[in-house]
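Some notes on the structure that comes next.
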DNA sequence: TGACGATGGTTTCGATTGCAACTAAACAGG
DNA sequence: CCTGTTTAGTTGCAATCGAAACCATCGTCA
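Protein chains in written order, with the working numbering: chain F, 2 to 169; chain U, 2 to 169.
Spelled out as structure tokens, the structure:
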């Protein structure tokens, strides 16, 4: 066997790329399925999607916040936040209060109706997550927690570096 | 404290829903970041997106397959597969060969050019996944593996049940 | 004060998505 | 055979998304 042919060999069999074992793929499939299962809880009941759900939960958690704050905390693009808030505002689930000290931003918070929905959904969502976690061996749960944190941190790091390189 | 007020209490503080600790949310964020980081490897270089990437990898792995087969193996909607294949076909990375025994379907496979790209990308992708995994404590990796499998299984189960109920 | 860059948020626009309707071919079962 | 049903794959359409442009306001510095 020459060097040439060794280089051209498709791949070492033991290193073959199998999609179903490939971490990024598995994460994506898992996250989508979980997301879809969860959204059954609120989608039909209240006709809202994931972005609206996140806004609702964030405001439920913090009480009052700017759109920027919501975006930062829920990892959503500002246009997504803007549109989700607009929808919730139309439905009278969220109110906008001007910030006298800075008229560019506005403070958002749940209306009583929004709070009602939040109070109804939050325990159901927690229960859902709990049920989901119960399918994972108790001994593995902490590891999953750590792993998700590490993977999230590492990949956002990679993206940042690549972005700063590309943006030169 | 009456029963009434206990029922109306927003939530027990210890059970409060915190988005940043909520498993479905964390999975989604993690998967998106990882996916985005990975796509840097192939997106710019070859101007393809996730669906095309998955078709490429699936065909690289199995050699020859129908669109249905690809969809099943890569968890993609048939329209996504159809469009991804159409794009790759236009780029001469994939060929379609009629199945004499059943003219509805067609066998798809990589062209030599497609195989070249696969052979270039696969090791880089594997390396990426490896690097990513290295950020996770070695002791936690097997647990992550099991947890992802369980969560995937459980949530697709939930969705299936809900779907069959709704589809009555 | 007044000009300029930065910032919060909205809007416009092109691209991607998934559902539903469709086409064409296979496979009943009489 | 014909007829109705199922299946592989494509296409039309409406909804969603994110990048970039945009608008209004703020902070800075001369």
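Using N, Cα and C, we set each Cβ at its ideal position, and we do this for glycine too.
Asked: Rounded C-alpha distance that separates residue 85 of chain F from residue 72 of chain F; Found: 11 angstroms
Asked: Buried/exposed call for residue 132 of chain U, threshold 16 Cβ in 10 Å; Found: exposed
Asked: Residue from U:32, U:27, U:17 with nearest C-alpha to residue 160 of chain F; Found: U:32
Asked: C-beta neighbour in chain U for residue 171 of chain F, strict 8 angstroms; Found: With chain F running from 2 to 169 in the structure shown, residue 171 of chain F is simply not present.
Asked: Option in U:69, U:163, U:40, U:152 with minimal Cα separation from residue 35 of chain F; Found: U:152
Asked: Amino acids of chain U, ordered along the chain, whose beta-carbon sits closer than 7 angstroms to that of residue 137 of chain F; Found: 148, 151, 152
Asked: Exposure of residue 141 of chain U, with buried meaning 16 or more beta-carbon neighbours within 10 Å; Found: buried
Asked: Sequence-distant residues of its chain with Cβ nearer than 8 angstroms to residue 137 of chain U (five each side left out); Found: 145
Asked: Interface partners of residue 74 of chain U on chain F, CB under 8 angstroms; Found: 20, 21
Asked: Alpha carbon of residue 110 of chain F to alpha carbon of residue 125 of chain U, nearest angstrom; Found: 46 angstroms
Asked: Selection from U:37, U:162, U:28, U:20 that minimises the alpha carbon distance to residue 162 of chain F; Found: U:37
Asked: Local Cβ density within 10 Å of residue 29 of chain U, reported as buried at 16 or more and exposed below that; Found: buried
Asked: With 16 other Cβ atoms within 10 Å as the buried cut-off, status of residue 113 of chain F; Found: exposed
Asked: 8 angstroms Cβ cutoff, residue 100 of chain F in contact with chain U; Found: no
Asked: Simplified DSSP assignment, three categories, for residue 140 of chain F; Found: helix
Asked: Partners in chain U for residue 58 of chain F, counting only beta-carbon separations shorter than 9 angstroms; Found: 18, 19, 20, 23, 26
Asked: Beta bridge counterpart(s) of residue 107 of chain U as assigned by DSSP; Found: U:99
Asked: Closer than 8 angstroms to chain U by CB, residue 160 of chain F; Found: yes
Asked: Residue 48 of chain U: first and last residue of the uninterrupted alpha helix (DSSP H) it sits in; Found: It is not in any alpha helix (DSSP H) - residue 48 of chain U carries neither H nor E in the DSSP assignment.
Asked: Interface residues of chain U facing residue 133 of chain F [CB-CB closer than 7 angstroms]; Found: 24, 152, 155, 156
Asked: Partners in chain F for residue 141 of chain U, counting only beta-carbon separations shorter than 7 angstroms; Found: 144, 147, 148
Asked: CA nearest to the CA of residue 117 of chain U, picked from U:51, U:45, U:57; Found: U:57
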